[in-house]
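Working notes, beginning with the structure itself.
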Amino acid sequence: DVKVTQSSRYLVKRTGEKVFLECVQDMDHENMFWYRQDPGLGLRLIYFSYDVKMKEKGDIPEGYSVSREKKERFSLILESASTNQTSMYLCASSPRSPPDSYFGPGTRLTVL
Amino acid sequence: GQQVMQIPQYQHVQEGEDFTTYCNSSTTLSNIQWYKQRPGGHPVFLIQLVKSGEVKKQKRLTFQFGEAKKNSSLHITATQTTDVGTYFCAGRDYGQNFVFGPGTRLSVLP
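Protein chains in written order, with this note's numbering: chain A, 65 to 176; chain B, 22 to 131.
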């Protein structure tokens, strides 16, 4: 079974703090993704990576950065958290083919 | 940019009734995927459709990909309470962008 884990299920941070969200997958998948999920907006792609040290902007990259130093780990960084970044963050991984995604359990981030 | 819409946004059905959600893309898709997310859970991959006009079945679920590869549907026959959740389509265009629809939230009343 594919396993995608995220470092925290719930996180509370203050405005201006630097926030790290970690995602690890154990299936040697090439592709990894970070989404945020907000009511009525579905899943929106923040960043994705198709290989180690490679990253591509998704639809809403502003305010976020990512790091992929190892194949199994994809980190999402909020350099200076803001209240509009309160959301559910979902990490996913997929093989190059077939590219079906496997999601982690999500991190519910609240920025006060 | 590419947009993916889903209708309806919410659907309440009586157990045993059928349910259909529709997914429409603003651009032609190379493939489309469907996911189910249970309340409090994370999206789980259901199926991928690639060919124009393709129809696939998984037990009570029937998935269709339109002839023009711009729309898709998911039909559930005789819903059960275990079908409760949000169903997302996700379309990949030929530029390899991958966009999720907003989802259809299904409630099944016993």
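We put the beta carbon where it would ideally sit given N, CA and C, even for glycine.
Whole-Å CB distance - residue i paired with residue j, under 8 Å assumed
| i | j | result |
| --- | --- | --- |
| residue 88/A | residue 137/A | 5 Å |
| residue 121/B | residue 168/A | Going by Cβ atoms, the distance from residue 121/B to residue 168/A rounds to 16 Å, so no, they are not a contact pair. |
| residue 114/B | residue 50/B | 6 Å |
Exposure of residue i, with buried meaning 16 or more beta-carbon neighbours within 10 Å
| i | result |
| --- | --- |
| residue 110/A | buried |
| residue 90/B | buried |
| residue 148/A | exposed |
Min CB distance residue i to chain B below 7 Å
| i | result |
| --- | --- |
| residue 164/A | yes |
| residue 170/A | yes |
| residue 106/A | yes |
| residue 84/A | no |
Nearest neighbour of residue i, chosen from the options [CA to CA]
| i | options | result |
| --- | --- | --- |
| residue 134/A | 119/A, 143/A and 144/A | 119/A |
| residue 72/B | 85/B, 43/B and 60/B | 85/B |
| residue 78/A | 144/A, 172/A and 131/A | 144/A |
| residue 140/A | 148/A, 117/A, 159/A and 131/A | 131/A |
| residue 106/B | 33/B, 74/B, 70/B and 24/B | 33/B |
| residue 73/A | 96/A, 158/A and 154/A | 154/A |
| residue 94/B | 39/B, 43/B and 49/B | 43/B |
Proximal residues of chain B, C-beta to C-beta of residue i below 8 Å
| i | result |
| --- | --- |
| residue 127/A | Neighbours of residue 127/A on chain B: none; closest Cβ ~19 Å, over 8 Å. |
Chain A contact for residue i (CB, 7 Å cutoff)
| i | result |
| --- | --- |
| residue 124/B | yes |
| residue 131/B | no |
| residue 29/B | no |
Beta-carbon neighbours of residue i, restricted to chain A and to distances below 9 Å
| i | result |
| --- | --- |
| residue 60/B | The contacting residues do not exist; residue 60/B stays about 12 Å from chain A at best. |
| residue 84/B | Ordered by position in chain A, no residue passes the 9 Å Cβ test against residue 84/B, which lies about 13 Å from the chain. |
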